[in-house]
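See below for the structure under consideration.
In UniProt numbering, the protein residues as written are 1 to 758.
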């Protein structure tokens, strides 16, 4: 519950009379009095015979056997949980959500990596995922593009060929949380290769997967409808629906759709069992192997359960009428009510035979409807005889009279009671059947999870097999002490732009950071300063590196000739420029906030992509900040970094720094006249070593159709700035040369001559 300080009332929130308050609120503070076990009481909230979830149990104090005292490190977590429970109760959805007992403990993403002393051993055992924050997801356009907020041109659009809704959701989870463990990544890659060698099975699997409804959502609906807690005290249990039959039909159709979906899943497993012996991937074998056939299998055997539900009730009748009439043996309450009805009806028939014999009249029959049923109708010619005293006259008509007895009244009451129990059972039959189905929730959910994994693996196999150019299997290596991190991409292409904009004409590039072939004389450079002309492809290159790292650690083939890297624990991006006007944050403030996050959380195993830091303020301020950030990334953090800039003085400062390597996007400059302002730039989109001498901003101005007169004036002004800057640089070199103990007169004279020429 997120409320500003002072906006929370200092009062207790009462629970039911038999429960203790789980928490109370003070202004600005949410404090735990006792564990929310009182709210999460297993019997009224979770389910029958269910203990407190293990995650919550682990947060209680070991000294408290009943589990009402928070652990020393869990008070704030349980306090927050108490606030969430209160809010859920207020929204009347606490029973639906809490009864599923699906709790997970949140562990900070980078806490383990920061404390790791042996990264190689850490990555080989960890289940940690690569961290991609919202800024990175937006800048790399993984889910939504920055143009119109759609999926067009995004990485998700490029690779998503999943056929099921729950498969698509799992693909998104894999995309925003790639793996860090090389063995787990390689297992996914093995699964992709296994599926690529059975192309004849893929179309058949795809056709079956397309038939599956959203079973993950349907299971939640069935759980919600079948909850006994909701039928007892939830407002929905007292609601009278205007079109109850329509709602019932929809629920039944959803339920039958779920049953059919699980039958299709069993067919999918049957198809995969034919080729499972040739597979080498553990994860693929696990999701397509029945638990009953192999202890390592994760797919439950649903055959018996599905057969039971096939005979539970008449499916077609229920679909048409919106009513479920269970068959014998499926619903004990309904079966007992029917048995009692039959027993009471038989008892009344036997009583009628006794009365016929007693009166001596075989024409005595029962008459009546509703609660006036089973009146003994006796002809008048027999009434002249002495009737038993217990006969009570109820009604008459010409020629006969009708009587009740205490015995009939008692038997009828029993019959009516049984009929009422039957009607109640039928009315609540759908809920109880759904509840019966939901008792096997873990198996149903396990089946959905297995097919979701299979669907995503098929999706990745389809992308890996059908790329727009060379595709390679990434090689993920554990970092070594003498060579901790590196990134080696040869002939790499942007996975999205390849299709969206340039097609086969996209120029592949090599991106190498921290590798032996790029090692400088005095050490390895993990920071690459990227320069080049405006619109030359610097930002595209940086996004390309980030996206390929995500694909590689996701366990997918990448569009490159070679892809080798050590695990990346987090990708940071500082790309683009925009303000946050509603937050009162300027463009430069946003830049610095994102940069601060990088410097605070980046480790030696991170990948940092920074594009033109410092452009939102004065040139000297921006250059100084950019220089300080480069120094911190290159010399202290020592993480893999691509840092693009148009500050050429920054490039000059780090040109001799062994911790920084220079690279630029190549271009070809042509000029048919002597006027330098008429230069024509041809972008080569090739990333090569060294620094680019200029940014060629006037070429971009000309492409943007700025007036030629404005361009000429700007060019003349730029020449003046260049002369001043060069003069200052040469003057500084003269001063430095004169301060040395051994002055090189010839070098000083040469510098002075150059100043005069300017």
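Beta carbons: idealized from backbone N, C-alpha and C, even for Gly. What you are looking at is a predicted structure, and each value in this text was computed from that prediction instead of being measured.
The distance from the Cβ of residue 533 to that of residue 492 is about 21 Å, inconsistent with a contact at the 8 Å cut-off. Residue pairing of residue 326 in beta bridges, as defined by DSSP: 313. Here residue 496 is near residue 158, since their CB atoms are less than 8 Å apart. Distance from the CA atom of residue 215 to the CA atom of residue 530, rounded to whole angstroms, is 48 Å. At the C-beta level, residue 205 and residue 268 come within 8 Å of one another. For the stretch 376 to 455, the continuous alpha helix (DSSP H) assignments of 4+ residues that do not extend past its boundaries occur at 380 to 383, 406 to 427, 429 to 438, in sequence order. By DSSP's assignment, residue 681 forms a beta bridge with 669. In the DSSP secondary-structure assignment, residue 266 is not bridged to any residue. By the CB criterion at 8 Å, residue 334 and residue 425 fall inside the cutoff.
Straight-line spacing of the CA atoms in residue 439 and residue 555 works out to 35 Å. If you check the CB distance, residue 223 and residue 374 do not come in under 8 Å. Taking the C-beta atoms as reference points, residue 623 is found nearer than 8 Å to residue 649. Distance between residue 170 and residue 589, taken at the CA atoms: about 35 Å. Per DSSP, residue 365 is one residue of the beta strand (DSSP E) stretching across 365 to 367.
When DSSP states are grouped into helix, strand and coil, residue 251 belongs to the helix group. As a beta-bridge residue in DSSP terms, residue 572 pairs with 608.
Scanning the stretch 604 to 667 for uninterrupted alpha helix (DSSP H) segments of 4 residues or longer gives 619 to 631, 648 to 653, listed from N- to C-terminal end. Between residue 447 and residue 572, the gap from beta carbon to beta carbon reaches 8 Å or more. With a 10 Å radius around the Cβ and a threshold of 16 neighbouring Cβ atoms, residue 173 comes out exposed. Counting only runs of 4 or more residues that sit fully inside the stretch 189 to 219, the alpha helix (DSSP H) segments are 202 to 210, in chain order. With the rule of 3 Cβ pairs closer than 8 Å, the stretch 194 to 204 counts as touching the stretch 274 to 284. Closest in alpha carbon position to residue 235, among 82, 96, 359, 543, is 96. Taking every protein chain shown into account, the CB of residue 379 has fewer than 16 other CB atoms within 10 angstroms, so this residue is exposed. Within its own chain, the residues whose Cβ lies closer than 6 Å to the Cβ of residue 179, once the five positions on either side in sequence are excluded, are 185, 553, listed in chain order. Residue 123 places its beta carbon 8 Å or farther from that of residue 53. Linking residue 327 to residue 429 through their CA atoms gives a straight-line distance of about 11 Å. Note on residue 60: 16 or more other CB atoms within 10 angstroms of its CB, so buried under the neighbour-count rule. Here the C-alpha atom of residue 630 lies approximately 24 Å from the C-alpha atom of residue 697. Distance from the CA atom of residue 177 to the CA atom of residue 437, rounded to whole angstroms, is 33 Å.
Here residue 359 carries a helix assignment [DSSP, helix/strand/coil].
In this chain, the alpha helix (DSSP H) harbouring residue 94 covers 94 to 98. For residue 595, the number of other beta carbons within 10 angstroms of its own is at least 16, and it is reported as buried. In this chain, residue 490 is not harboured by any alpha helix (DSSP H); it is covered by the beta strand (DSSP E) spanning 487 to 492. In the three-state DSSP reduction, residue 559 falls in the coil class, being neither helix nor strand. Here residue 667 really is in contact with residue 536; their C-beta atoms are around 6 Å apart, less than 8 Å. Taking a contact to require three or more Cβ pairs closer than 8 Å, the stretch 567 to 584 and the stretch 129 to 141 qualify as touching.
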